[in-house]
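What follows is one structure encoded as structure tokens, with my remarks underneath.
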Amino acid sequence: MAPARDANVVKLAVELRLPDIRAHPYLGEFSLQRQLMDFIKDLCTYWKIENPEHFALQYTEPPTHYVTEKNRSRIKDGTVLMLIYSASKTADDILYKLKKCVLEEKRDALTMLVKMSSDITFAQEFIAKQGIILLIAHMESPKNEAMVLPYMLTSFLELMDHGIMPWDDLQPPFIEKMVSFINVQVSPDTRTLSTALTILENIVLNSQSKYTLVEKQITIPHLLQHISNSKKVEIQQSVLALINALFQKSEAQKRKYWAATLSSRQYRTILTNNVLIHTETGGIGADMAHQLYVLQQLLLNQYEERMNTSMDPSDQDATDKIKELRRIAFESDGEVCFCFSFFILFYLSAVQSELGAKSNVWEYVLIAVKSNVILHDQMWILTIDLRDADIKGKHQQTTPNISLIYSERPYWKTSFIFPFPFFHRYAKLVLENCYRADSHECPFGRASIELTKLLCEILKIGEVPTEQGQTFHPMFFSHDHAFEELFSICIVLLNKTWKEMKATTEDFSKVLSVVRDQITRTNNELPSTLDKFRVKINSLTYAEIAELWQQERINNEEQEMQAPPIKELRKQLEPEILELIQQHRLRFLVEGTRFRYGRGMRAKDKFWYCRLSPNHKFFYYDDCDEKTVPSIDELTKKISIVDLKGIVTGKECPHMKDRTGKKSSSQLAFSLILESNNVNETNSLDFVAPEETIYNYWIDGVNALLRQRMPSVAANRDLEMLLNMEIKLRLLDAEGVTIPQQEPPIPPPPPNYNFCYQLN
1143 MAPARDANVV
1153 KLAVELRLPD
1163 IRAHPYLGEF
1173 SLQRQLMDFI
1183 KDLCTYWKIE
1193 NPEHFALQYT
1203 EPPTHYVTEK
1213 NRSRIKDGTV
1223 LMLIYSASKT
1233 ADDILYKLKK
1243 CVLEEKRDAL
1253 TMLVKMSSDI
1263 TFAQEFIAKQ
1273 GIILLIAHME
1283 SPKNEAMVLP
1293 YMLTSFLELM
1303 DHGIMPWDDL
1313 QPPFIEKMVS
1323 FINVQVSPDT
1333 RTLSTALTIL
1343 ENIVLNSQSK
1353 YTLVEKQITI
1363 PHLLQHISNS
1373 KKVEIQQSVL
1383 ALINALFQKS
1393 EAQKRKYWAA
1403 TLSSRQYRTI
1413 LTNNVLIHTE
1423 TGGIGADMAH
1433 QLYVLQQLLL
1443 NQYEERMNTS
1453 MDPSDQDATD
1463 KIKELRRIAF
1473 ESDGEVCFCF
1483 SFFILFYLSA
1493 VQSELGAKSN
1503 VWEYVLIAVK
1513 SNVILHDQMW
1523 ILTIDLRDAD
1533 IKGKHQQTTP
1543 NISLIYSERP
1553 YWKTSFIFPF
1563 PFFHRYAKLV
1573 LENCYRADSH
1583 ECPFGRASIE
1593 LTKLLCEILK
1603 IGEVPTEQGQ
1613 TFHPMFFSHD
1623 HAFEELFSIC
1633 IVLLNKTWKE
1643 MKATTEDFSK
1653 VLSVVRDQIT
1663 RTNNELPSTL
1673 DKFRVKINSL
1683 TYAEIAELWQ
1693 QERINNEEQE
1703 MQAPPIKELR
1713 KQLEPEILEL
1723 IQQHRLRFLV
1733 EGTRFRYGRG
1743 MRAKDKFWYC
1753 RLSPNHKFFY
1763 YDDCDEKTVP
1773 SIDELTKKIS
1783 IVDLKGIVTG
1793 KECPHMKDRT
1803 GKKSSSQLAF
1813 SLILESNNVN
1823 ETNSLDFVAP
1833 EETIYNYWID
1843 GVNALLRQRM
1853 PSVAANRDLE
1863 MLLNMEIKLR
1873 LLDAEGVTIP
1883 QQEPPIPPPP
1893 PNYNFCYQLN
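So in this note's numbering the end of the sequence shown lands on 1902, straight run, no missing numbers.
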């Protein structure tokens, strides 16, 4: 018997990778308990190489890092290693060539530096030898050659990613140099620009002290011009990443400036025409999608402060908005704007719910604001903002701001037809609500607040962008005030859905759940503009949502029924359910059925009755009239079940043959085949069922008596229905629990069975 192999010894191969030296690879064993340097000395002896301290081992498979005492556990049987120059010697060679300033040698050194910088062992040696300081000096030099600059930037970024040198150690001249690559009219090459943008992004994210230097020197126009000028995805992606970094690290006031600037039409158009244009063709990669998702989330998060602010009676801004609405609706000289009057009722309907009437609304508003009765809801401030944007048309790109329009009083005095469609829309909405029955009136104040909450939840306003997020909505980049316009669309949708559902105030939560699903489903289709969102969501009616829910429920149930544990349960329950169906069929036969004599049988329009005895041993039958249900004692003829040979159906029945011997089709015919001639000297008892259900029940019942499987479609349908019902009843306690597709593994047995019981 061969001795057991040492688990600490592995078989490997080592190749010699040195310039101008070719040698056969080393094939042998290596003890994991042995020092790496000792093994390297043996390899140098094997290949007759001097100075083993200048060499090290490297893995061949990515990442191609040096073998160290920390990562030597990766060496397994069959591993292939390389013997190369050590990190220290390689760093010395690169630094020597960089200092010589010979262009060809510098390019070769930088090419090697780009390759080696991802290895932390090399990075530690290179930085310890002040290599990164030399690299920074070369990049800051005005005489630096453009052909080697991309190699320098890439190497620098790789070295800094290891976290050995803090980003705070970078000095203003270096940052200014990186900024100079961006604030230029003519962009440098793609690799230089992309790497410079990434370096600045890292400075912003990782250095609080140097962030302000970048923020002061970088402007949005300079950044976005690179998106316009370059069609390279890596450039566009790097620009967005830097914008997001600056946006995230800015103070609150600066973030508002960034949000307002990036939401303006001028800069949205740049994003739409150069980046978002690829969304419809699926040309946006995962990294670009992530940057757009982050930008969208940062823009939406600007509503977080108002979302978390409760209404304060002393809040002058909110009070002024309400007073302004009153001034517009109720002019001192008696001139009243009809549509505005109704809109005031719409806007302040939260107060109406407290009054129970639509009179004296304004007086109650003043009391409510002063006493903080109804406006205490935390979402009320953001809701007021959204409503104020609706009524003043601030979110309407194609409509002038109403604050400028209503100042032109002569125009208002002579206008008989209200000129703005969005006012007509809300006026119509309010009028519809006013003429509904009290029980079906939509509480618009509550609806506005709850819709605001709902939109904040769906859009995850206030949440920090995740590292994995990639879902963005192009429609939010198609409008200056996208969130306000979205609210305007959805509040009309809520009223429309309320009307379709014929809802009452008790159904408010149900209506809101339908609206949530309508918004979510439409969002998931990623419409490119808010107009497309409006068209799609208005076509998604309550009836369609209900049908989709029903279909999803059915699909979930079907999928759940395919789980192996459910199949096993069905298999166990099937005999019991089949027995139940058989009992039902036999009880039906015991009650009996009236049959009509058919063609080829006795006189036409005559009837006979057949029923099974309660002990299931005989069939009793005899003639009867059309309305009589004879008892079993009144049926004089009988056949024994033991004499039954089988049952045939349809064209195989003897009484379905005409005089020429041809068979006549009948879907409801069946015959009991007997062993002997004891019924009018025939071998069968022939039936024609009056309907399909009776036919199925008799076929199943006779087969049950013959101990055969019930063949009818009705039996299979009843089996499926009862099985599903029984399984659902048994799974009620497991509602919300995911049924595993595989059975859980059986735990291993205990090491011993010496269980200890502690007795009190």
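For glycine and all other residues, C-beta sits at the position ideal for the given N, C-alpha and C.
Check the Cα spacing between Arg1859 and each of Glu1247, Ile1360, Tyr1188, Thr1835: the tightest is with Thr1835. Minimum Cα-Cα distance from Val1244 among the listed residues Ala1270, His1280, Pro1772, Ile1262 corresponds to His1280.
With fewer than 16 other CB atoms across the displayed protein chains lying within 10 angstroms of its CB, Gln1701 is exposed. With fewer than 16 other Cβ atoms from the protein chains shown falling within 10 Å of its own Cβ, Ala1685 counts as exposed. Residue environment for Ala1402: exposed (fewer than 16 other C-beta atoms within 10 angstroms of its C-beta). The C-beta separation of Ala1846 from Arg1727 comes to about 6 Å, placing the pair in contact by the 8 Å criterion. Judged by DSSP in its simplified three-state form, Glu1599 adopts helix.
Sorting Leu1814, Gly1792, Val1790 by C-alpha distance to the C-alpha of Ser1782 places Leu1814 at the top. Here Asp1331 is exposed: its Cβ has fewer than 16 other Cβ atoms, across all protein chains shown, within 10 Å.
Distance from the Cα of Leu1240 is smallest, within the candidate group Val1844, His1621, Ala1229, Met1254, for Met1254. When DSSP states are grouped into helix, strand and coil, Glu1393 belongs to the coil group. In this chain, the beta strand (DSSP E) harbouring Ala1811 covers 1811-1816. Leu1848 is the residue among Gln1378, Leu1848, Glu1446 whose C-alpha sits nearest the C-alpha of Leu1786. According to the DSSP assignment, Ser1826 belongs to the beta strand (DSSP E) that extends over 1826-1830.
One alpha carbon belongs to Leu1874, the other to Thr1639, and they sit about 32 Å apart. Cα atoms of His1621 and Ser1405: separation of roughly 7 Å, rounded to the nearest angstrom.
If only complete runs of 3 or more residues are kept, the region 1702-1760 shows the beta strand (DSSP E) at 1735-1738, 1749-1754, in order along the chain.
Assignment of Phe1897 by DSSP, reduced to helix, strand and coil, places it in the coil class.
For the pair Leu1347 and Ala1387, the CB atoms are nearer than the 8 Å cut-off. Counting the other Cβ atoms within 10 Å of the Cβ of Gln1177 gives fewer than 16, which makes it exposed. Checking the DSSP bridge columns, you'll see Val1356 has no partner listed. Around the beta carbon of His1166, fewer than 16 other beta carbons lie within 10 angstroms, which makes this residue exposed. Assignment of Gln1444 by DSSP, reduced to helix, strand and coil, places it in the helix class.
Secondary structure note for Thr1232: its alpha helix (DSSP H) is the uninterrupted segment 1229-1242. Val1152 and Leu1185 have their alpha carbons spaced roughly 16 Å apart. Rounded to the nearest angstrom, the gap between the Cα atoms of Gln1395 and Ala1229 is 48 Å.
Looking at the backbone, the Cα of Leu1711 and that of Gln1693 are separated by about 24 Å. The Cβ atoms of Arg1753 and Val1732 sit closer than 8 Å to each other. If you draw a straight line from the Cα of Val1656 to the Cα of Arg1588, it comes to about 16 Å. Under the 10 Å beta carbon count, Trp1750 is surrounded by 16 or more other beta carbons and is classified as buried. In its own chain, leaving out the 5 sequence neighbours on each side, no residue places its CB closer than 8 Å to the CB of Lys1190.
Sequence-distant Cβ neighbours of Phe1760 in its own chain, meaning closer than 8 Å and more than five residues away, are Leu1754, Lys1780, Ile1781, Ser1782, Ile1783. Within the DSSP bridge table, the entry for Ser1260 names no partner. Collapsing the DSSP output to three states places Thr1791 in a strand. Fewer than three pairs of CB atoms, one per stretch, sit closer than 8 Å, so the region 1425-1434 makes no contact with the region 1629-1636. Sequence-distant Cβ neighbours of Ala1383 in its own chain, meaning closer than 6 Å and more than five residues away, are Glu1343, Gln1433.
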